[in-house]
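Here my numbering runs 2 ahead of the position in the sequence shown, where the first position is 1.
Quick reminder that beta carbons are idealized off the backbone N, C-alpha and C, glycines included.
Quantities reported herein were computed from a predicted structural model and do not represent experimental measurements.
Here is the structure we will look at.
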Amino acid sequence: MLYNPSLLLEDAAKLGISVTDEMLSRFEKLAFLLVEQNKTMNLTAIIDPDGIAVKHFADSISALSAADFPQGAKVLDVGTGAGFPSIPLLIARPDLDMTMIDSTAKKLKYVASAAESLGLTAEVLHTRAEEAGQNKEYREKFDIVCSRAVAALNVLCEYCLPFVKVGGVFLAMKGAKAQEEIADAKAAIKTLGGKIVDEKSFTLSDGGERTIVVIKKISQVPPKYPRVSAQIAKKPL
Ligand code: SAM
Numbered sequence: 003m004l005y006n007p008s009l010l011l012e013d014a015a016k017l018g019i020s021v022t023d024e025m026l027s028r029f030e031k032l033a034f035l036l037v038e039q040n041k042t043m044n045l046t047a048i049i050d051p052d053g054i055a056v057k058h059f060a061d062s063i064s065a066l067s068a069a070d071f072p073q074g075a076k077v078l079d080v081g082t083g084a085g086f087p088s089i090p091l092l093i094a095r096p097d098l099d100m101t102m103i104d105s106t107a108k109k110l111k112y113v114a115s116a117a118e119s120l121g122l123t124a125e126v127l128h129t130r131a132e133e134a135g136q137n138k139e140y141r142e143k144f145d146i147v148c149s150r151a152v153a154a155l156n157v158l159c160e161y162c163l164p165f166v167k168v169g170g171v172f173l174a175m176k177g178a179k180a181q182e183e184i185a186d187a188k189a190a191i192k193t194l195g196g197k198i199v200d201e202k203s204f205t206l207s208d209g210g211e212r213t214i215v216v217i218k219k220i221s222q223v224p225p226k227y228p229r230v231s232a233q234i235a236k237k238p239l
């Protein structure tokens with residue numbers, strides 16, 4: 003076994019997410035694709051069966067427990083890397099209208115081919131989030147935006163909130179330092195038209211602590227945000 007399905011089932015059950023046999027066989031195939039591709043490119047450091055099940059698959063689908071994902075919702079994964087959380091989310095919810103963004107073309111090529119091999123439909127977009135956030139085609143167009151392991155919350159909000167429709171949510175998938183990041187991001191969230199409406203904390207079966215910060219989009223993002231990368235880095239909100 004390339005991943006440990008019982009650990010995935012255990013964590014999913016704790017989170018109230020049902021996992022069918024069809025999903026399990028797609029997860030098995032995804033584990034195979036990830037491990038194979040990782041032999042020739044640096045996709046992820048986590049390739050042991052327990053780690054794939056918990057740190058990649060269970061952690062990714064945990065987003066489903068933090069917010070309502072309506073049928074066919076338009077979802078964006080910012081900084082998807084090797085396809086997390088988006089590909090597991092699509093395995094669990096193939097009805098979602100999923101777009102993935104990453105600034106690394108090589109990773110996206112793998113993500114697109116993995117989704118296709120799994121019979122899943124997704125759009126991949128090679129861009130920096132702060133550039134796409136100023137593009138009318140993507141700005142304030144998504145019901146749900148999620149992101150894991152990309153940047154500290156204050157910076158991540160500038161990347162992600164511009165994509166969320168007013169009334170939609172941004173799910174920031176964070177680890178043990180979530181509370182510090184929340185404290186540092188209060189001003190950024192307000193400036194960008196967001197409001198924290200929930201903090202869903204849980205512990206995965208490997209002992210890893212997680213908090214999904216649920217930020218609702220209350221009002222439009224002022225036109226000057228997101229700023230260019232250099233400005234975000236120099237003077238984070
Ligand atoms: N989300 C995945 C996960 O949890 O496994 C990948 C995490 S990886 C540590 C961070 C990813 O974010 C990288 O693939 C990187 O290329 C991408 N990234 C970082 N900053 C970005 C930006 N401003 N716009 C788009 N992608 C970005």
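query, result
"Go through its chain and collect everything with a Cβ distance to Leu-78's Cβ below 7 angstroms, but skip five positions before and after it.", "Thr-101, Ile-103, Phe-144, Val-147 and Phe-165"
"Label Asp-13 either buried or exposed according to how many other C-beta atoms from any shown protein chain fall within 10 Å of its C-beta, with 16 as the threshold for buried.", "buried"
"Tell me the DSSP bridge mates of Ser-8?", "In the DSSP output, where bridge partners are listed per residue, Ser-8 has none listed."
"Buried or exposed: which applies to Asn-241, given that a residue is buried once 16 or more other Cβ atoms fall within 10 Å of its Cβ?", "Beyond the ends of the chain as shown, which are 3 and 239, falls residue 241; an answer cannot be given."
"Look at the alpha carbon of Ile-89 and the alpha carbon of Val-80, and state the distance between them as a whole number of angstroms.", "13 angstroms"
"How many angstroms separate the CA atom of Leu-158 from the CA atom of Pro-224?", "16 angstroms"
"Just confirm the distance between the C-beta atoms of Leu-32 and Thr-46, as a whole number of angstroms; I'd bet it's less than 8 angstroms.", "The Cβ separation is near 12 angstroms, so there is no contact."
"Go through its chain and collect everything with a Cβ distance to Ala-153's Cβ below 7 angstroms, but skip five positions before and after it.", "Tyr-161"
"Any residue with its Cβ nearer than 5 angstroms to a heavy atom of the ligand SAM should be included. What is that list in chain order?", "Gly-81, Gly-83, Phe-86, Asp-104, Ser-105, Thr-106, Arg-130, Ala-131, Arg-150, Ala-151 and Val-152"
"Quick check on DSSP: helix, strand or coil for Thr-22?", "coil"
"Whole angstroms is fine: what's the gap from Asp-61's alpha carbon to Pro-87's?", "8 angstroms"
"Using a Cβ-Cβ cutoff of less than 6 angstroms, which residues in the same chain neighbour Ala-180 once the five nearest sequence positions on both sides are dropped?", "Thr-213"
"Mapping DSSP to helix, strand and coil, what is Thr-205?", "strand"
"In three-state terms, what does DSSP make of Ala-124?", "strand"
"Output the boundary residues of the alpha helix (DSSP H) element that contains Ala-180.", "180-193"
"Beta-carbon within less than 7 angstroms of Ala-189's beta-carbon, same chain only, minus the 5 sequence neighbours each way: which residues are those?", "Leu-239"
"When you compare the CB positions of Tyr-112 and Ala-134, do they come within less than 8 angstroms of one another, or not?", "no"
"Suppose you measure from the CA of His-58 to the CA of Ile-48; what does that come to, to the nearest Å?", "8 angstroms"
"Evaluate Val-215 with the Cβ neighbour count: other Cβ atoms within 10 Å of its Cβ, from every protein chain shown; 16 or more gives buried, anything less gives exposed.", "buried"
"Return the CA-CA distance between Lys-167 and Asp-23, expressed in angstroms with no decimal places.", "34 angstroms"
"Tell me the DSSP secondary structure of Val-56 in three-state form.", "helix"
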